[in-house]
Every structure is written in structure tokens, then in C-alpha cells.
Amino acid sequence: MRKPRSKNMRWILKGLIKTGGYTDYDLQRPIVEIVNTWSEWNPGHNHLRWIADAVKRGVWSAGGFPIEYNTLSLCPGQSLPNRNLLALETESVICGVGGKEDPAPYAEPADAVVFICSCDKDVPALLMASARINLPSIFVLGGSMFPGKFKGEDVVCCTDAQRLERDYRAGVITEKEWIEFQNCVFPCSGACGPMGTANTMQSMAEALGMALPGSASVPAVMAEAYQKAEEAGRKVMELLEEDIRPRDIMTEKALENAMKVLMAIGGSTNAVIHLIAIARQLDIN
């Protein structure tokens, strides 16, 4: 392990952290930044507060000091520039303007990072940020929601929503039926159900090696999602100890593997745009 960045922390930052009830004993541990996209606005993120608690359990148990901060929570309806804004904002918070090994005085000098995300724009944004920050990192993926039931059939948001909205506007279904559909198409927390950009990019994070094996396919509301999150908290401490960084993991071979997985799962074509952007942050042509 290299000398922890947190050992260079200014006294004022230590004092600010202690207002949360933490002590010098806690500050002797390596600091793990928990970058969380939790929000109450959409199902892809509204369970991530509790996922973060599971991550923290893992970090504490492995000898680290987890500190969480909330970042932009991007829903699919937001534009591509928001992805770049999230990547830049995350890098600025952790690194400031002083660089990765010599953080700016008021940056948050984490020794390792756990990124918690679920949706179309935030997963690629944080993969881009992790490539630039290049501290030992792991991704915890929010998982997918289950399908809903409408008139005895499985329905998922996006694809079925578009079809049934057209039916409602054309008078094929009544307003009462349309409201009934709205009440069942999002049955629980998690990313939208189809193999759209959200589930695809979660799969890409795993295929790139930045998330635990099997974690991209765990439904959001299953106990396994929280077990994987706690395991990730322990795993990031191993990555820190062995000084394994995103640029060691997201190699050209890893990007090729991600493209193979993308084709195998019939994933979103948007993933190509995001993988190119991630490759550029890694200085891979």
C-alpha cells in the first residue's frame, strides 16, 4: 500500500469530520469515500441509502473508515452533458485541483472509493470519473426492478409504457386502465426492467472488472444485493492494500471483454458511446 492520501489531511478537515462524532482513533484508518447517487426521485436510486449502509459495514469490518457523500442522481431522461458533469464533479470533490497524489487543501483526500450507482448516465459517468481519479475503487450496482403485472401479463417500464401510452391516447384503453398501469409498472426499487442502457451499463461495469462478479444481475430488492454491497466494502480494502487501481483493471482487454458481453446480452447501443468515452479517460485509443 502506498502512503495513504488521508495522512496529508489538513487539521481543519479533521476537525470538520469530528463534528460527526468521529475520533482520532477513527481517523487512523484509511478513508474510503462512498460516492452515492441516492435520491428519492426515482426507483433506480431510492434504495441506495440502505445499500450504502451495507457497504459501510464491509469497510468498517475490514479496517477502513467509510465517509459517504451524495452526488448527482441522474435519471435516463437527462441529457448526455449531465453524464460529463457528474464525472467532473466527482473528480473535483475527491481530487480538487491538486492532482491525485497531492490533493488540493479542501479536496476530500480519500484513500479508496466505492461508487454506488444504477442508471443510464450515472454508471458511465462514475466509470469515467474512476478512470481519472485512479484510486483503488469498486462499483456497487443498484440492480434492476422486477416486472409489474397488468391484466395478468408482465409489463416493464419504457417499452410497455410507450406502447400503452399510445393505446391510451388512441382511446384503446380507458383513463382508469391507464392509471392502473401506472400504479403497477414500477413495482419496486431498481433500474428500469428492460435490457436498456441502465441494465446494460451495470453489466458493462461488471464486464470491465470494476464490480463484483455476478453483482450486475442481482435484483435491487433481494437480500443478495445488500450482501454483495457489504462484500464490496471489504473488497475495496483489499484493492487498497494491494494498490490495485482502475487503470490496472480497465485495460484494453477489459474494454474488448465489455464489448463481447454487450453483444452477447443484446444490450443498449448507447453503451458504445459510453465505452468510447470511458476509453478516452483511460487514454486508450
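Under the numbering used here, the residue at position 259 of the sequence shown is numbered 259, and the numbers go up by one with no gaps.
Virtual Cβ for every residue (Gly too), placed ideally from N, Cα, C.
Nothing here was measured: the structure is a model prediction, and the numbers come from that model.
Where residue i falls: helix, strand or coil (DSSP)
{"i": "SER118", "result": "coil"}
{"i": "PHE181", "result": "helix"}
{"i": "LEU141", "result": "strand"}
{"i": "TYR22", "result": "coil"}
{"i": "ASP160", "result": "helix"}
{"i": "GLY233", "result": "helix"}
{"i": "VAL172", "result": "coil"}
{"i": "ALA211", "result": "strand"}
{"i": "ILE284", "result": "coil"}
{"i": "ALA198", "result": "helix"}
{"i": "ALA191", "result": "strand"}
{"i": "PRO4", "result": "coil"}
{"i": "CYS95", "result": "helix"}
Burial state of residue i, where buried means 16 or more other Cβ atoms lie within 10 Å
{"i": "GLU303", "result": "Residue numbering for the chain in the displayed model covers 1 to 285; residue 303 lies beyond these limits and cannot be assessed."}
{"i": "LYS228", "result": "buried"}
{"i": "LYS253", "result": "exposed"}
{"i": "ARG10", "result": "exposed"}
{"i": "TYR69", "result": "exposed"}
{"i": "TRP38", "result": "buried"}
{"i": "MET250", "result": "buried"}
{"i": "ASN285", "result": "exposed"}
{"i": "ASP24", "result": "exposed"}
{"i": "GLU91", "result": "buried"}
{"i": "LEU135", "result": "buried"}
{"i": "LEU16", "result": "exposed"}
{"i": "ASP160", "result": "buried"}
{"i": "PRO43", "result": "buried"}
{"i": "GLN281", "result": "buried"}
{"i": "PRO246", "result": "buried"}
{"i": "LYS7", "result": "exposed"}
Residues that residue i bridges to, as DSSP identifies them
{"i": "ASP111", "result": "For ASP111, which the question treats as bridged, DSSP gives no partner whatsoever."}
{"i": "VAL35", "result": "TYR69 and PHE115"}
{"i": "PHE150", "result": "GLU153"}
Cutoff 9 angstroms: residue i Cβ touching any chain E Cβ
{"i": "ILE284", "result": "Within the model displayed, chain E is absent; a lone protein chain is all it includes."}
The stretch 121-137 / the stretch 51-65 touching (three or more Cβ pairs under 8 angstroms): They do not touch, by the three-pair rule.
Contact between the stretch 202-219 and the stretch 29-41 (3+ Cβ pairs under 8 angstroms): With contact defined as three or more Cβ pairs closer than 8 angstroms, the stretch 202-219 and the stretch 29-41 are not in contact.
Three CB pairs or more closer than 8 angstroms across the stretch 183-202 and the stretch 127-145: As far as the Cβ criterion goes, the stretch 183-202 touches the stretch 127-145, which means the pair count is three or higher.
Three CB pairs or more closer than 8 angstroms across the stretch 179-197 and the stretch 147-164: Yes, the stretch 179-197 is in contact with the stretch 147-164.
Three or more C-beta pairs below 8 angstroms linking the stretch 227-237 and the stretch 59-71: When C-beta atoms of the stretch 227-237 are compared with those of the stretch 59-71, three or more pairs fall below 8 angstroms, so the two segments count as touching.
Touch test, the stretch 144-161 against the stretch 184-194, Cβ-Cβ under 8 angstroms, three pairs minimum: They touch, by the three-pair rule.
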